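Please read the structure below before turning to the comments.
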């Protein structure tokens with residue numbers, strides 16, 4: 006069996022299969038159907054990739070990047086495997102009562118939407134191949150392939166229906182099929198609009214990500230609109246669409262810029278139809294085109310997308326004013342970080358641009374210096390200013406999109422200058438039509454950080470992109486280029502020496518980061534007393550004791566006013582938990598409160614106990630705050646505080662807790 010399949014298992018496919026095996030090995034029983042579906046997707050993607058490699062002319066209508074493998078297997082399973090890994094993490098959090106079921110259900114729907122997008126594109130590729138051989142004498146394996154593809158479709162639909170997660174199955178199925186249809190239309194558009202710019206797998210990966218991102222935006226909008234129509238304040242909570250202001254701003258700005266070329270093309274076409282004859286005759290066409298471009302860009306970024314942000318997030322001010330308020334809330338730290346970034350960028354670009362013009366260093370090695378620059382820039386920020394780094398990544402990606410649009414359209418006066426500058430750093434992976442290397446580097450560093458927001462029980466997860474791209478990829482390329490002798494395959498350029506250097510460097514730096522971050526993680530999530538931590542956290546903690554007591558303890562009647570707003574303020578304003586705003590962080594607040602009560606002699610409530618009333622606040626604020634409130638109450642009880650729970654519905658008190 007192994008000998009039979011060995012000709013089809015190259016290094017890339019082996020690594021992908023091992024990665025999928027690791028994900029499947031970690032599956033709980035509740036996600037067994039999701040794992041079976043991922044396995045089916047991987048088998049189908051492997052089949053399509055092998056068929057494409059055997060008969061590359063079958064998809065000749067799509068001009069892919071020269072010299073690149075199809076990468077269909079890797080592109081099809083990457084995002085689905087990541088979503089399933091996130092589902093595993095949230096199911097673990099749900100078992101510990103860290104999150105509510107709505108958040109887990111919504112992520113499950115996103116997983117199936119991702120799965121449907123990838124599967125639909127694979128089916129589309131099969132139809133393209135079968136159609137190309139329709140007029141010729143089709144070999145027997147195509148008939149078998151048609152039956153295999155149909156079987157995969159039926160089995161995937163059955164798995165989806167059996168994995169029902171709380172919403173109407175029909176609506177979920179329609180929503181998932183909508184993602185699949187959109188993915189097919191978008192991948193065709195990308196491959197036809199940007200020929201020779203990407204492989205099939207790369208186009209599939211980008212398409213799936215964009216469709217999922219747009220689908221999340223649409224779901225959030227529909228949920229918010231539905232809440233207004235039925236006058237429900239917490240309707241969007243039941244769908245698990247809970248997001249921060251920063252994520253809303255990033256999503257609105259990026260999707261607005263991605264839709265901007267469609268809007269500008271329509272405006273330009275209308276303007277050409279109305280004024281082209283007179284404008285061309287007067288010689289002012291280019292200036293009019295430039296004016297239309299910047300006017301349309303300002304309309305999208307300043308008016309339309311901020312209006313959507315205010316609709317879905319209920320900003321009290323313009324989102325850009327909120328950003329300024331956020332930046333200047335800690336001006337010394339954040340402005341100093343911005344100055345540090347500007348200095349690093351200026352010195353690096355000036356130095357590397359001069360080197361690139363002299364052509365003394367190969368382009369591939371020159372580009373790796375930018376990977377090291379990313380480590381120097383982002384590693385301090387992800388440790389000390391993670392929320393600000395989230396916003397900075399979104400702003401940088403928006404700038405990159407804007408500059409690339411200007412370069413492609415050759416908008417005066419920057420278009421040609423940007424094109425000449427960017428060409429100094431391109432290699433065989435880029436084309437004159439589309440330059441994507443800087444997007445790959447930025448997204449590779451940003452996506453692990455963005456996906457680690459919210460619940461995260463893996464402290465090294467935000468560093469995955471920085472370590473793998475900034476350190477691992479750089480060391481692998483440099484060592485493999487200079488000292489590589491043993492190659493993984495006869496036709497490939499990857500060497501065993503380079504791979505070993507990349508793995509070793511990532512493991513070494515990961516160990517260093519873990520040793521540095523572990524005490525801080527323990528402090529924020531597990532213990533408060535008896536620990537040696539950074540001075541600024543100790544100072545902030547004890548300065549805040551008075552704040553917590555004043556907002557939580559009523560000295561006159563010995564009652565603790567535990568409300569959802571109190572918990573949120575205690576977490577966000579006191580301990581700077583930020584992205585870790587969960588029940589563990591709330592438990593830290595409970596431990597601090599218990600310490601303060603003991604110092605004040607209030608832990609026994611002057612002998613009559615301390616009454617806690619939480620039911621009304623849970624009902625008013627929604628179930629998303631429930632675990633945080635109960636986390637504080639339970640920690641108080643376990644810390645020796647005499648807590649009595651009041652039930653307002655029957656005017657009774659009890660000492661048992663959920």
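In our numbering, the protein residues as written are 6 to 663.
Note that CB positions come from ideal geometry on N, CA and C, so glycine has one too.
Every value quoted in this text rests on a predicted model; they were computed, and no experiment measured them.
Checklist entry - Do residue 21 and residue 92 have their C-beta atoms closer together than 8 angstroms? => result no
Next on the checklist: On the CB-based measure, 16 or more other CB atoms within 10 Å of its CB, does residue 230 come out buried or exposed?
Outcome noted: Of the residues assessed, residue 230 falls on the exposed side of the cut-off, its CB having fewer than 16 other CB atoms within 10 angstroms.
Next on the checklist: If contact is defined by three or more beta carbon pairs under 8 angstroms, each pair taking one atom from either stretch, is the region 399-410 in contact with the region 252-267?
Outcome noted: yes
Checklist entry - Is residue 507 closer than 8 angstroms to residue 481 when the C-beta atoms are compared? => result yes
Next on the checklist: How far does the alpha helix (DSSP H) with residue 463 in it extend, from its first residue to its last?
Outcome noted: Careful: residue 463 lies outside any alpha helix (DSSP H) and carries neither H nor E.
Item to check | At least 3 beta-carbon pairs within less than 8 angstroms: the region 297-313 vs the region 337-345 | outcome: The answer is no - the region 337-345 does not touch the region 297-313, with fewer than three Cβ pairs under 8 angstroms.
Checklist entry - Apart from the five residues just before and just after residue 511, which ones in its own chain have a Cβ nearer than 7 angstroms to its Cβ? => result 472, 473, 476, 477
Item to check | For residue 492: DSSP bridge partner residues | outcome: 500
Checklist entry - Within the chosen definition, does the region 197-204 reach the region 219-230 through at least 3 CB pairs nearer than 8 angstroms? => result Touching, no.
Checklist entry - Taking one C-beta from the region 439-448 and one from the region 391-410 each time, how about it: are there three or more such pairs within less than 8 angstroms? => result yes
Item to check | Whole-number beta carbon distance between residue 40 and residue 259, since they are thought to touch under 8 angstroms | outcome: Actually they are not in contact, since the Cβ atoms of residue 259 and residue 40 sit about 31 angstroms apart, beyond 8 angstroms.
Next on the checklist: Given this structure, state the Cα-to-Cα distance separating residue 220 from residue 184, to the nearest angstrom.
Outcome noted: 7 angstroms
Checklist entry - What did DSSP end up calling residue 487 once you bin it into helix, strand or coil? => result DSSP places residue 487 within a helical segment (H, G or I) once states are collapsed to three.
Next on the checklist: What does the Cβ neighbour count give for residue 257, buried or exposed, with the cut at 16 atoms within 10 Å?
Outcome noted: Answer is buried; the Cβ neighbour count reaches 16.
Item to check | Residues near residue 51 by beta carbon distance below 6 angstroms, same chain, minus five either side | outcome: 78.
Checklist entry - Distance, Cα to Cα, residue 377 vs residue 131? => result 41 angstroms
Checklist entry - How is the alpha helix (DSSP H) around residue 306 delimited, first residue to last? => result Unbroken run through residue 306: none, as it is neither H nor E.
Next on the checklist: Using 8 angstroms as the cut-off, can you tell me whether the region 206-215 makes contact with the region 102-110, which would need three or more C-beta pairs spanning the two stretches below that distance?
Outcome noted: no
Next on the checklist: Quick check on residue 76: buried or exposed, where buried means 16 or more other Cβ atoms within 10 Å of its Cβ?
Outcome noted: Result: buried.
Checklist entry - Hey, residue 28 and residue 90: beta-carbon distance below 8 angstroms or not? => result Yes.
Checklist entry - Nearest to residue 297 by alpha carbon, out of 188, 316, 270? => result Looking from the CA of residue 297, the closest CA among 188, 316, 270 belongs to 270.
Item to check | Contact set for residue 261: own chain, Cβ-Cβ below 7 angstroms, skip 5 residues either direction | outcome: 305, 306, 309, 310
Checklist entry - Comparing the CB of residue 592 with every heavy atom of the ligand SAH, is any distance shorter than 7 angstroms? => result This structure lacks the ligand SAH; in fact it carries no ligand of any kind.
Next on the checklist: Using the three-state DSSP reduction, which class does residue 510 fall into: helix, strand or coil?
Outcome noted: helix
Checklist entry - With distances taken between CB atoms, is the gap from residue 374 to residue 95 smaller than 8 angstroms? => result no
Item to check | Three-state secondary structure (DSSP) of residue 315 | outcome: If DSSP states are grouped into helix, strand and coil, residue 315 belongs with the helices.
Checklist entry - Does the beta-carbon of residue 463 have 16 or more other beta-carbons within 10 angstroms, so that it is buried, or is it exposed? => result exposed
Checklist entry - Is DSSP giving residue 252 helix, strand or coil here? => result helix
Item to check | Within the region 33-79, ranges of the beta strand (DSSP E) (whole runs, at least 3 residues) | outcome: none
Checklist entry - So the alpha helix (DSSP H) residue 411 belongs to, where does it begin and stop? => result 391-414
Next on the checklist: Comparing C-alpha positions only, which one of 135, 25, 66 sits nearest to residue 56?
Outcome noted: The candidate whose alpha carbon is nearest that of residue 56 is 135.
Next on the checklist: Using 8 angstroms as the threshold, is the C-beta distance between residue 217 and residue 69 below it?
Outcome noted: no
Item to check | Simplified DSSP assignment, three categories, for residue 20 | outcome: helix
Next on the checklist: Taking the beta carbon of residue 575 as the centre, do at least 16 other beta carbons fall within 10 Å, making it buried, or is it exposed?
Outcome noted: Model confidence at residue 575 stands at a pLDDT of 48, short of 50, so the residue's coordinates are unreliable and nothing is read from them.
Checklist entry - Which residues in the same chain have their Cβ closer than 6 angstroms to the Cβ of residue 383, if we skip the five residues on either side of it in sequence? => result 450, 471
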